[in-house]
Amino acid sequence: MEDPGKKGEFLAPREKDVEFTFRSPHAKKVSSPGEFDYWEAPSLPMEKNRKEFGKRGIHFAPDRKTPGNDG
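Here our numbering = 1-based position in the sequence shown + 1338.
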């Protein structure tokens, strides 16, 4: 894919890991929806630890359309 700001240079698509963290002692459910899953809230639920919701890692393939769940 060509970067319009850099003539003659090309940027290769790359994979990317993104980590979401949410802290709320009163939340009952938390999900990580986004454009990558058509904003379907229950698709990537976060698990609650003792006091708060923890982290959710999302791995994005180079096309950025379909993430893989890395835990």
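Where is the CB? At the ideal position from N, CA and C, for every residue including glycine.
Residue i versus the options, residue with shortest Cα-Cα distance
{"i": "residue 1358", "options": "1388, 1399 and 1382", "result": "1382"}
{"i": "residue 1363", "options": "1397, 1396, 1394 and 1387", "result": "1387"}
{"i": "residue 1367", "options": "1373, 1397, 1376 and 1384", "result": "1384"}
Limits of the beta strand (DSSP E) - the one that residue i falls within
{"i": "residue 1356", "result": "1354–1359"}
Cβ-based burial, residue i [other Cβ within 10 Å; buried from 16]
{"i": "residue 1352", "result": "exposed"}
{"i": "residue 1339", "result": "Confidence in residue 1339 is poor, its pLDDT being 49 and thus under 50, which makes the residue's placement too unreliable to answer from."}
Cβ pair residue i, residue j closer than 9 Å
{"i": "residue 1395", "j": "residue 1355", "result": "yes"}
Any chain B beta carbon closer than 9 Å to residue i
{"i": "residue 1399", "result": "This model lacks chain B altogether, as it is built from one protein chain only."}
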